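Report on the structure given below.
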């Protein structure tokens, strides 16, 4: 059962564009929603995170929008650059299957073209 | 402060052999998580350990897979009698206090290829 659904699977934007990646979750007990960025051959690295009592969070060019009633959240990358080309994962924290852990979406491969 | 260290980076095993993947968490971190990554499937939780204890192994296959995190030394993910379907990237992550008040820090993974 996929508890965190992520879309699109891949995305191509021009430099300066604003890619948007969407995630939806089912478990209302999730209480923390991070986004991770992964470059080829590397492990995922925490990018930005939000808690459900906040509707938006900005850190530099990265913004999370959160809609608690719809159980959806999204990542926006302002003024995207070729260096932002990577795979992005949304995640949700909660107790599932016995322990408090992160459940990840399937990832979005972003390519930013010049 | 070194990050999460995983070794080997690449591991090739023939079907039926054993694979041992090692993870040294960040200094001061006593919580370790293992995830498996397959193309287009994202990161799948396998097991969560705290020093000498398995907290949650709900994502671990019932057979052939085991994990430990001894009092001294790295965490080990062990896969016995590997099959081609075990080919994947395996990531270890650590945190100082579980996930309640701290994020997960990932290593760069071990890429297992079963021939």
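Residue numbers (the working numbering), protein chains in the order written: chain A, 187 to 300; chain B, 101 to 215.
Cβ coordinates follow ideal geometry from the N, Cα and C atoms, glycine included.
The structure displayed is predicted, hence computed values, not measured ones.
Asked, Found
"Mind checking whether residue 263 of chain A and residue 247 of chain A have CB atoms under 8 Å apart?", "yes"
"For the region 221 to 241 of chain A, enumerate the residues whose C-beta is nearer than 9 Å to any C-beta of chain B, in chain order.", "222, 224, 227, 228, 229, 230, 231, 232, 235"
"Can you give me the C-alpha to C-alpha distance between residue 280 of chain A and residue 147 of chain B, rounded to a whole angstrom?", "15 Å"
"Compile a chain-ordered list of the residues in the region 188 to 218 of chain A whose CB is closer than 8 Å to at least one CB of chain B.", "192, 195, 218"
"Check the C-beta distance from residue 132 of chain B over to residue 123 of chain B and give it rounded, since I have them as a contact under 8 Å.", "6 Å"
"Would a C-beta distance cut-off of 8 Å place residue 290 of chain A and residue 190 of chain A closer than the cut-off?", "yes"
"Is the Cβ of residue 208 of chain B closer than 8 Å to any Cβ of chain A?", "yes"
"Compute the Euclidean distance between the alpha carbons of residue 153 of chain B and residue 196 of chain B, then round it to the nearest angstrom.", "15 Å"
"Could you tell me which chain A residues have their CB closer than 8 Å to the CB of residue 141 of chain B, listed as they occur along the chain?", "292"
"If we define contact as Cβ-Cβ less than 8 Å, is residue 296 of chain A a contact residue for chain B?", "no"
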